[in-house]
Amino acid sequence: MPEVMVLMATGGASNKSLKNIIQKSREDYRAMRGNQVGGIFTLLRKNLSKVGQFLSPKPSEM
Numbered sequence: 026m027p028e029v030m031v032l033m034a035t036g037g038a039s040n041k042s043l044k045n046i047i048q049k050s051r052e053d054y055r056a057m058r059g060n061q062v063g064g065i066f067t068l069l070r071k072n073l074s075k076v077g078q079f080l081s082p083k084p085s086e087m
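With the sequence shown counted from 1, adding 25 to any position gets you my numbering.
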């Protein structure tokens, strides 16, 4: 579909502070390892993929 269907806000409780981001990353890493679906590089890719969310305009600014 070439059109926007949903606009979601960035952030949330897990991204409000560095402490929360670290805790979320630890939980993500344990879940990945426990389910044998990735490792540290998967976690880095996941976190780096979210950088653009903080640089792009928020839905209320569009």
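Positions of the beta carbon are idealized from the N, C-alpha and C atoms, including for glycine.
Whole-number beta carbon distance between G64 and R58, since they are thought to touch under 8 Å: 7 Å
Out of L69, D53, T67, K49, state which residue places its alpha-carbon closest to the alpha-carbon of G37. K49
Pull up the distance between the alpha-carbon of D53 and that of M33, whole angstroms please. When the Cα atoms are used, D53 and M33 turn out to be separated by approximately 21 Å.
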